[in-house]
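Take a look at the structure set out below.
Residue numbers (the numbering used here): 80 to 172.
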């Protein structure tokens, strides 16, 4: 999977203390889909994922051509962390 990074989204996630590698890890490690919605002629997907260091993130992405663009990423609030771990436990044992 190829990602679409530029100064705009790199700066945006950095403001939330997220590195691009962390967002990619969370996306590639079987994230949980939370919400899909249309926004200005594109479909955006909100997911909850986890990094290799066990940081639970909310990630919003969209497809642009054949590249997955991270629109935003930030630390999941406690209730979403709890939801993530409950879903993982229920579906992955």
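Glycine included, each C-beta is placed from N, C-alpha and C at the ideal position.
Under DSSP, the beta strand (DSSP E) around residue 138 begins and ends at which residues?
The residue given as residue 138 occupies position 59 in the chain shown. According to the DSSP assignment, residue 138 belongs to the beta strand (DSSP E) that extends over 135-143.
Beta-carbon within less than 7 Å of residue 158's beta-carbon, same chain only, minus the 5 sequence neighbours each way: which residues are those?
The residue you call residue 158 lines up with position 79 of the chain shown. Excluding positions up to five away in sequence, the list is empty.
Buried or exposed: where does residue 163 fall if 16 or more other Cβ atoms within 10 Å of its Cβ makes it buried?
For the purposes of this step, residue 163 is identified with residue 84 of the chain shown, where counting begins at 1. It counts as buried.
DSSP on residue 90, reduced to helix/strand/coil?
As a position in the chain shown, residue 90 is number 11, starting the count at 1. When DSSP states are grouped into helix, strand and coil, residue 90 belongs to the helix group.
Nearest-angstrom Cα separation, counted from residue 169 out to residue 139:
Numbered from its first residue, the chain shown carries residue 139 at position 60. Numbered from its first residue, the chain shown carries residue 169 at position 90. About 23 Å.
Sorted by chain position, which residues of the same chain lie with C-beta nearer than 8 Å to residue 136's C-beta, five sequence neighbours on each side aside?
Here residue 136 refers to the residue found at position 57 when the chain shown is read from its first residue. Closer than 8 Å at the Cβ level, and outside the excluded window around residue 136, lie 97, 101, 102, 105, 127, 128, 129, 130, 152, 153, 154, 155.
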